[in-house]
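Residues in the sequence shown are numbered from 1 upward in steps of one, following our numbering. A virtual CB, placed ideally from N, CA and C, is assigned to each residue, including glycine.
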Amino acid sequence: MALYDRITSMRDHHSRILADLKTVEHAPDTLKSHEAYLSDLRKQLAQISDRLKKVAELTQIEREEHTKYRDSTIRRLMYRASGRGDEFEKKADKEMREYYNALEKERAIKAEKEMLETQIEEATAAREELQAACTERLRLHEELKSLYENLFGGPTAEFPEEDALEEATKAAQAWYGELSGRLNNIYQAAQCLAKAQITVKQALLDMYEALQHCQRDIWGFGSIVADFGRQNCLSRAQSRARQTQVLVSQAMRLDPDVQPLPRMTIAQGSMISRILFDNIFVDLNCLAMVQQSFNEMKNVEVFLRTQLTQAKSREANIRTQLESAAVDLENSQRELQRTRELIFMNVVDPPPPYVDQTAGTLHVDS
């Protein structure tokens, strides 16, 4: 079937999609404002619930005071016996008025709370309808896109302008996909570098503790205990150094701009001969090697800080490019769809022929 015939055969389907889209096209914007409205209602409800709780407590106090005067026959008789019956009645009347005022205030706040709850219930139901409209909008756009792809996908000699826009859209989509993948890799690499920073800081703490053990060993304070304490710290530092190397290797695979780690050697027992012998020269040599390892680890910390800063800068740069690419892609897709829609409408409902009023002749565009 020729392309023109295929387009004509899809006329009713196309018209139905456009008509349905017209009813839900603005659903996302409406949903966004409705979400803000619903959030504000819930905030008001939380505030009025707090007010109601406080007013209810006050009402309870006023109720107790009112009941005390209303039901206290003995107190009333005592006031009358002392000639102060009017004073009692005034106090009783005052407590009654304060109680009923508090009760009225509580009832008013309860009514306001109930009104808000009703509004929230209605707004929640409306939100569900809007969410359904948004879902329907997406479905209709996908259906329209599928229809256009079936008709216009690939080269269409009849409509070269559509082919050009289709190629431009594919290029924009490819560029967006490339940037998106690159951004994800750089982000993951930055996460690896951030974790490596943490492991290096932990290793530095282990190395610092090992230095303390070395210094205690030199001065003869708990030599054997200091030796074992130092080895334990160095072992932990070695483990963290390996973790750092793994994390940086992962970052380098994700982001080629990440540089390899500088020298990072952790002094170990095998490097320290006769470590359990109480020998000042061995102890001094041990201290020097641990200090060197500590200094190397400090260099690694500075290196990682710089690498992470640079990775975040690259991430921000790619993110900016991706945002621009997203706009370009959206514009390309919109222009392609607009062109396809115009082609579709012109085929199924062509414009009237041009009539040259002066010459009295009829010109039909081919």
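Extent of the continuous alpha helix (DSSP H) run through residue i
i	result
Thr-265	Looking at the DSSP string, Thr-265 is not in any alpha helix (DSSP H), and its letter there is neither H nor E.
Asp-5	3-9
Contact set for residue i: own chain, Cβ-Cβ below 7 angstroms, skip 5 residues either direction
i	result
Cys-134	Ala-27, Pro-28 and Leu-31
Thr-118	none
Asp-163	Pro-155 and Thr-156
Thr-265	Ser-293 and Glu-296
Gln-173	Leu-329
Thr-73	In this predicted model, Thr-73 has a pLDDT of only 47, less than 50, meaning its place in the structure is not dependable; the value taken from the coordinates is given anyway. Within the same chain, Thr-73 has no close Cβ partners at all.
Leu-179	Ile-318, Gln-321, Leu-322 and Ala-325
Sequence-distant residues of the same chain with beta carbon closer than 6 angstroms to residue i, five excluded per side
i	result
Leu-204	Met-297
Tyr-148	Arg-340
Ser-270	Residue confidence for Ser-270 is low, a pLDDT of 44 falling below 50, so the modelled location carries little weight and cannot support an answer.
Ala-251	Ala-189, Cys-192, Leu-193 and Val-258
Arg-236	Asp-206
Leu-18	none
Phe-303	Pro-262
Neighbour flag for residue i against chain D, beta carbons, 9 angstroms
i	result
Tyr-100	You won't find chain D in this structure, because it holds only one protein chain.
Cβ shell of residue i (< 8 angstroms), same chain only, five flanking positions each side left out
i	result
Tyr-165	Here residue 165 turns out to be Leu, not Tyr, going by the sequence shown. Closer than 8 angstroms at Cβ, skipping near neighbours: Ser-332, Glu-335, Leu-336 and Thr-339.
Ala-359	Interpretation of Ala-359 is limited by its pLDDT of 48, a score under 50 that renders its predicted location unreliable; no figure is taken from the coordinates.
Leu-45	Lys-113, Leu-116, Glu-117 and Ile-120
Asp-312	Looking at the sequence provided, one finds Lys at residue 312 rather than Asp. Ala-190, listed in sequence order.
Ala-326	Tyr-176
Tyr-99	Thr-59, Glu-62, Arg-63, Glu-65 and His-66
His-34	Ala-123, Ala-126, Arg-127 and Leu-130
Arg-42	Ile-120
Leu-400	Nothing about residue 400 can be read from this structure; the chain reaches only from 1 to 366.
Pro-260	Val-248 and Met-252
Gln-310	Asp-257
Assess, as a yes-or-no matter, whether the region 134-148 is touched by the region 33-47 under the definition of 3 or more beta carbon pairs within less than 8 angstroms.
Because the criterion of three Cβ pairs below 8 angstroms is not met, the region 33-47 and the region 134-148 do not touch.
Please confirm if the region 239-249 is in contact with the region 189-198, defined as three or more CB-CB distances below 8 angstroms between the two stretches.
By the C-beta criterion, the region 239-249 is judged to be in contact with the region 189-198, since at least 3 inter-stretch pairs fall below 8 angstroms.
Just checking, does the region 178-192 make contact with the region 234-245 on the three C-beta pairs under 8 angstroms criterion?
Touching, no.
Are at least three pairs of beta-carbons, each pair with one atom in the region 317-325 and one in the region 152-159, less than 8 angstroms apart?
As far as the Cβ criterion goes, the region 317-325 does not touch the region 152-159, which means the pair count is below three.
Any contact between the region 120-129 and the region 9-23? By contact I mean 3 or more CB pairs, one from each, below 8 angstroms.
Below 8 angstroms, too few C-beta pairs join the region 120-129 and the region 9-23 to call them touching: fewer than three.
Could you give the uninterrupted runs of the alpha helix (DSSP H) lying entirely in the region 38-63, keeping only those of 4 residues or more?
Uninterrupted alpha helix (DSSP H) stretches at least 4 residues long and entirely within the region 38-63 do not occur.
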